[in-house]
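Heads up, the thing below is written out as C-alpha cells.
Number of protein chains: 2
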Amino acid sequence: MEIYQIAGYKNSGKTAVTNQLIRYFSAEGFKVGSLKHHGHGGEPDMAERTDSYQHFESGSVVSGVQGEKLTQLTLRMPFGLEALIQLYGKFSLDLLLIEGYKQADYRKIVLIKNEADLSLLQELSNIIAVGTWDVKLVENRNYPIFDMNHLQDNISALADHIRRDFDG
Amino acid sequence: MEIYQIAGYKNSGKTAVTNQLIRYFSAEGFKVGSLKHHGHGGEPDMAERTDSYQHFESGSVVSGVQGEKLTQLTLRMPFGLEALIQLYGKFSLDLLLIEGYKQADYRKIVLIKNEADLSLLQELSNIIAVGTWDVKLVENRNYPIFDMNHLQDNISALADHIRRDFDG
Chain A
24 MEIYQIAGYK NSGKTAVTNQ LIRYFSAEGF KVGSLKHHGH GGEPDMAERT DSYQHFESGS
84 VVSGVQGEKL TQLTLRMPFG LEALIQLYGK FSLDLLLIEG YKQADYRKIV LIKNEADLSL
144 LQELSNIIAV GTWDVKLVEN RNYPIFDMNH LQDNISALAD HIRRDFDG
Chain B
24 MEIYQIAGYK NSGKTAVTNQ LIRYFSAEGF KVGSLKHHGH GGEPDMAERT DSYQHFESGS
84 VVSGVQGEKL TQLTLRMPFG LEALIQLYGK FSLDLLLIEG YKQADYRKIV LIKNEADLSL
144 LQELSNIIAV GTWDVKLVEN RNYPIFDMNH LQDNISALAD HIRRDFDG
C-alpha cells in the first residue's frame, strides 16, 4: 500500500486535490483508500436517528452497520495515525491518500496558498510536489509545481508524478 | 471476544434488545461492539455533504474520517460476516452483539413476536434464550424466556443469563 499525504493549511484546497486524486486513481483501476482528520477538534458527522447511531449512543465502542455494498464502522477509541494505517492495511489497498496530518512523515503534496504558507516547505518532511495558487511564490524551488488555478487540467500530471514516485 | 446474536423477524424488537444489552454491558465496564445488518437490501445512511462522503463519492474503497474521539470508516467492499468479525477482533472487545444475520451460527437470543415466528426455534442454531411478547407461546419449551413487554425490567436478568453463559 503506497501512502501519500495532501498537506496544507485550512482552505488551501486539500479536499479538492484529494478528491481529484481519488477519482483519477480509482478510474485507473487502483484500489484507493482515504483518510482525513476532522478539523476544529470536532467529530465526524453521523446520520442520526439510524439504528447504528442508536448502538453508538447506547455505548458501543465499535458500532457497525452492513448494507448491500457498504459497511460503516464508528470507532469510539483513540487511534494514532500509525494504528489507523495498520487497520487500512487489512483492506488490500493499492494506495492510501491522507488528507492532513501534516506532521506525519509520509510522502507529501504540500499546498501553498500564499506567502504565509511558505514556511511549510521548511517544516514538513518528504515533500514530493507543491500545489500553489501563485506559481511565482514557489518557482526556483526544487519541487515539481502544480497550478491549483487549473487543478482539473493538472491533476493527471500530478497523478503521473505520484505514480512515477511509487513506481520507483 | 464473546459473540452473541439477537435474532428475529422484522419488528420483533431486535434493536431495542440490542441497545439495552449494549447499555447494560457498557455500564458494567465491558468493551462492547455491535454490528447490524441494514434491512431492505439498502445501505447505511451517510451524512452527506461531509468531506468523508466526498471521498467516498470520488471512489475511495475505504474512506475514513478521524475526529477527536471518534473515527468513522466507510468500506465499499463485500464482507462475509466472518471477515467482519475478524475485523472486530482487532479492537480488543470483550463482547460483540450482532443484531440480525440469523442464519449465522453464534449463540442467540431469539425474539418471538407471534405464533408465525415459532418456526425460528426449529430453524435457528445455538439458541440460549427466547424473548417474547406472549409468554404462553413459548412456555414448556426448553429455553429461558424473557417477557418483552417489560424489557427494561427484564434486561438485567437476560444480561445475567448471557454472562453466565460466557463465564462457562
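Taken in sequence, the protein lines are chains A and B.
Take the numbering used here: the last position of the first sequence gets the number 191, and nothing is skipped along the way.
Take the numbering used here: the last position of the second sequence gets the number 191, and nothing is skipped along the way.
All residues carry an ideal CB built from backbone N, CA and C; glycine is no exception.
As the structure is a computational prediction, the values presented were derived from the model and not from experiment.
Chain A within 8 Å of R99 (chain B), Cβ atoms only
yes
So, do the region 90–105 of chain A and the region 83–98 of chain B have three or more beta carbon pairs nearer to each other than 8 Å?
yes
Outcome for D21 (chain A) when other beta-carbon atoms lying within 10 angstroms are tallied against a minimum of 16
Because chain A here runs from 24 to 191, residue 21 (chain A) falls outside it and cannot be looked at.
Chain B within 8 Å of V84 (chain A), Cβ atoms only:
yes
Kindly list, in the order they appear in chain B, the residues whose Cβ is closer than 9 Å to that of G90 (chain A).
H60, H61, G64, G65, E66, P67
Where F114 (chain B) meets chain A, residues with beta-carbon distance less than 8 Å
V84, V85, L98, M100
With distance defined between alpha-carbon atoms, name the residue in A:P167, A:D188, A:R130, A:L104 nearest to V153 (chain A).
A:P167
What are the start and end residues of each continuous beta strand (DSSP E) run of 3 or more residues lying completely inside the region 79–121 of chain B, in chain order?
85–89, 94–98
Would you decide whether G87 (chain B) is buried or exposed? Buried here means 16 or more other CB atoms lie within 10 Å of its CB.
buried
Could you tell me the alpha carbon to alpha carbon distance between S115 (chain A) and L144 (chain B), rounded to whole angstroms?
40 Å
Since Q77 (chain B) meets chain A, which of its residues come closer than 8 Å, beta carbon to beta carbon?
T38, N42
Residues in its own chain within less than 7 Å of N172 (chain B) by CB, not counting five upstream and five downstream?
W156
Cβ neighbour criterion (16 or more within 10 Å) applied to P67 (chain B)
buried
Does L31 (chain A) come within less than 8 Å of chain B when only Cβ atoms are used?
Correcting the residue identity first, residue 31 (chain A) is Gly in this sequence and not Leu. No, no contact with chain B.
Using 8 Å as the threshold, is the C-beta distance between L160 (chain A) and K125 (chain A) below it?
no
With a CB to CB cut of under 7 Å and the five nearest residues on each side skipped, what residues in its chain are close to Y129 (chain B)?
I26, Y27, Q28, I121, N149
Using the Cα positions of R164 (chain A) and L134 (chain A), report the straight-line distance between them to the nearest angstrom.
14 Å
I think I45 (chain A) touches H78 (chain B), with their Cβ atoms under 8 Å apart; what is that distance to the nearest whole Å?
6 Å
H184 (chain B), enclosing beta strand (DSSP E) - first and last residue:
Note, H184 (chain B): premise wrong, no beta strand (DSSP E); alpha helix (DSSP H) at 174–189.
Smallest Cα separation from S179 (chain B): which of B:N34, B:G90, B:G31, B:S49?
B:S49
For chain B, find out if any of its Cβ atoms is closer than 8 Å to the Cβ of S142 (chain A); answer yes or no.
no
In chain order, what residues of the region 126–159 of chain A put their CB closer than 7 Å to some CB of chain D?
Checking the listed chains, one finds no chain D in this structure; the protein chains it contains are A and B.
Verify the CB distance criterion: does Y111 (chain B) have a CB-CB separation below 8 Å to chain A?
yes
Determine whether the beta carbon atoms of V40 (chain B) and I132 (chain B) lie at a separation below 8 Å.
yes
Express the C-alpha separation of G103 (chain A) and G36 (chain A) in angstroms, rounding to a whole number.
24 Å
What do you reckon, are the CB atoms on F53 (chain B) and L118 (chain B) nearer than 8 Å?
yes
Alpha carbon to alpha carbon, what distance is there between L181 (chain A) and L174 (chain A)?
9 Å
Should K136 (chain A) be labelled buried (16 or more other beta-carbon atoms within 10 Å of its own) or exposed?
buried
Bridge partners for H60 (chain A) per DSSP, in chain order?
B:Q89
Can you give me the C-alpha to C-alpha distance between G90 (chain A) and Y76 (chain B), rounded to a whole angstrom?
16 Å
Are the C-beta of S57 (chain B) and some C-beta of chain A separated by less than 8 Å?
yes
Specify the secondary structure class of E192 (chain B) as computed by DSSP and reduced to three states.
The displayed coordinates of chain B run from 24 to 191. Any statement about residue 192 (chain B) would go beyond what the structure contains.
Less than 8 Å between the CB atoms is what I'm expecting for V84 (chain B) and M69 (chain B), so what's the real figure, rounded?
That pair is no contact at about 15 Å.
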